[in-house]
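Visitor: Residue numbers 70 to 200, in the working numbering, belong to the letters of the sequence shown in order.
Backbone N, C-alpha and C fix where the C-beta goes; we use that ideal spot for every residue, glycine too.
Sharing a structure below in structure tokens format, with a few things to ask.
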Amino acid sequence: MKKFYFLLVLLVCVCFAAFTTCESKSIITQSIDEDTMWIFAHFNVQEKDDLEDYYYFGRVNEDLYLEIIDGQIESGFILLRDVRYWNTENELQEYEDEMDVGDVVFRVQDIVKMTPQKGDPLELHEQQESE
Numbered sequence: 070m071k072k073f074y075f076l077l078v079l080l081v082c083v084c085f086a087a088f089t090t091c092e093s094k095s096i097i098t099q100s101i102d103e104d105t106m107w108i109f110a111h112f113n114v115q116e117k118d119d120l121e122d123y124y125y126f127g128r129v130n131e132d133l134y135l136e137i138i139d140g141q142i143e144s145g146f147i148l149l150r151d152v153r154y155w156n157t158e159n160e161l162q163e164y165e166d167e168m169d170v171g172d173v174v175f176r177v178q179d180i181v182k183m184t185p186q187k188g189d190p191l192e193l194h195e196q197q198e199s200e
């Protein structure tokens, strides 16, 4: 029984330590915060012996974006919501399908470039095509 309580206390301490770091705080804030902005992001992800490039549009927390751009956050994770990308037919499409909800998580260290966008790229693209 003492072993159970020791493990419970240890688990609580580990969770507390994990959620009090700057990066964890930012991703938790991002997931519940409604102040988001659209960005276009380029990620370089190490996969075995290669670097893979990923290019996505997505919504991110505005405060988190500014902290990353200003160099205040250099590690941790960033959540892209409502992800869009250019497919192999050169058409802009949603990342969402039967299996995925349209959100993707990347490591902050893998960000090559992020640029703000004026809005949802799907809507902006549709507006340009209809003009």
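Within this structure, are the beta carbons of F29 and D169 separated by less than 9 Å?
Guide: This structure cannot settle anything about residue 29, because the visible part of the chain is limited to 70 through 200.
Visitor: CB R153 to CB V129, shorter than 9 Å?
Guide: For the purposes of this step, residue 153 is identified with residue 84 of the sequence shown, where counting begins at 1. For the purposes of this step, residue 129 is identified with residue 60 of the sequence shown, where counting begins at 1. No, the Cβ-Cβ distance between R153 and V129 is not below 9 Å.
Visitor: Between F175 and Q197, what straight-line distance do the alpha-carbon atoms span, to the nearest angstrom?
Guide: Looking up residue 175 in the sequence shown gives position 106. Looking up residue 197 in the sequence shown gives position 128. Roughly 30 Å between the two C-alpha positions.
Visitor: Work out the CA separation of Y125 and H194 for me, nearest whole Å.
Guide: The residue you call residue 194 lines up with position 125 of the sequence shown. The residue you call residue 125 lines up with position 56 of the sequence shown. Each residue's Cα considered, the two are about 15 Å apart.
Visitor: Applying the 10 Å Cβ sphere with the 16-neighbour rule, what's the burial state of P190?
Guide: Locating residue 190 in the sequence shown gives position 121, counting from the first residue. Buried.
Visitor: Go ahead and pull the three-state DSSP assignment for Y134.
Guide: Within the sequence shown, the letter at position 65 stands for residue 134. Note: Y134 maps to helix in three-state DSSP.
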